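See structure below.
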């Protein structure tokens with residue numbers, strides 16, 4: 305299935321229904337139509353951070369990274385940009401997330417993640433800074 309930007313928020317909730325309770329207040333605030341960048345950063349990133357830090361639910365972690373790979377393979381550049389800017393840059397910014405996340409990335413996601421080195425410094429113990 306090729307993803308498109310217009311339905312990307314529905315795709316997130318369809319793919320990871322575990323986010324429904326977290327998403328509900330955001331959907332209400334934006335009258336069920338939040339901008340994808342706001343929605344994904346607010347709903348998904350804290351969820352992924354906790355998943356990776358705790359590393360207790362590998363099946364759910366794999367589901368998230370399979371979704372990232374679907375996004376990386378999308379022919380819709382807006383979907384690719386959402387993945388890079390909202391999700392992968394978030395993982396890049398934290399040394400622990402940077403290290404853990406790479407073990408779950410598939411080929412296309414990893415290529416996009418590695419391309420961040422063109423404009424971001426690799427994280428250290430401090431938050432990464434853009435050049």
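In this note's numbering, the protein residues as written are 305 to 435.
For glycine and all other residues, C-beta sits at the position ideal for the given N, C-alpha and C.
Treat the numbers as computed from the prediction; the structure is a model and nothing was measured.
Distance, Cα to Cα, residue i vs residue j?
{"i": "residue 316", "j": "residue 349", "result": "12 Å"}
{"i": "residue 411", "j": "residue 403", "result": "16 Å"}
{"i": "residue 387", "j": "residue 325", "result": "22 Å"}
{"i": "residue 413", "j": "residue 406", "result": "9 Å"}
{"i": "residue 392", "j": "residue 327", "result": "20 Å"}
{"i": "residue 332", "j": "residue 400", "result": "33 Å"}
{"i": "residue 422", "j": "residue 342", "result": "25 Å"}
{"i": "residue 345", "j": "residue 337", "result": "14 Å"}
Residues in the same chain with beta-carbon distance under 7 Å from residue i, minus the five sequence neighbours each way, listed in chain order, please.
{"i": "residue 307", "result": "315, 374, 375, 378, 380, 383"}
Given residue i, which residues of its chain have a CB within under 8 Å of its CB, disregarding the five upstream and five downstream residues?
{"i": "residue 355", "result": "361, 364, 365, 368"}
TODO: Please go through the stretch 364 to 420 and give each complete alpha helix (DSSP H) segment of 4 or more residues, from N-terminal end onward.
DONE: 381 to 386, 393 to 396, 399 to 406, 411 to 419
- [ ] Please go through the stretch 308 to 367 and give each complete alpha helix (DSSP H) segment of 4 or more residues, from N-terminal end onward.
- [x] 312 to 319, 324 to 333, 340 to 343, 349 to 358
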